[in-house]
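**Q** Residue 119 in our numbering is what sits at position 35 of the sequence shown, and the numbering runs on without skipping anything.
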Amino acid sequence: MNSFIHGGIHPFRRGQEGYPLSLLTDLLKNANALSVLTLLVLAELTDDPAIVEVLHALHWEFQDILPPLEPFVS
């Protein structure tokens, strides 16, 4: 972690070699997931099941640009 924050080898190496495609893809998918999560929380706050259902349908329609869902284990 120190190497990233204080200008160690990792930032210099990324500047020379570029970023791996998998890292950039995961970054974009996680950013999309944060947006979807925010919308889902706001939809749940409306207490309107129709809005929640629409967002769930959109989530499944665009699952290729979101990280895979993992089952919640309690």
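Ideal Cβ positions, reconstructed from N, Cα and C, are used throughout, including at glycine.
Should D110 be flagged as near chain D, meaning a C-beta pair shorter than 8 Å?
**A** Structure shown: chain D not included; a single protein chain is present.
**Q** For S106, which three-state DSSP category applies?
**A** Helix.
**Q** Flag this pair as touching only if the segment 110 to 124 and the segment 145 to 155 have three or more C-beta atom pairs under 8 Å; answer yes or no.
**A** Contact between the segment 110 to 124 and the segment 145 to 155 is present, because at least three Cβ pairs lie under 8 Å.
**Q** Run through DSSP, which three-state label would D148 get?
**A** Three-state DSSP puts D148 in a helix.
**Q** Taking contact to mean at least 3 C-beta pairs separated by less than 8 Å, is the segment 119 to 127 in contact with the segment 136 to 143?
**A** Yes, since at least three Cβ pairs between the segment 119 to 127 and the segment 136 to 143 fall closer than 8 Å, the two stretches touch.
**Q** Output the boundary residues of the alpha helix (DSSP H) element that contains G99.
**A** Per DSSP, G99 belongs to the alpha helix (DSSP H) from I93 to E101.
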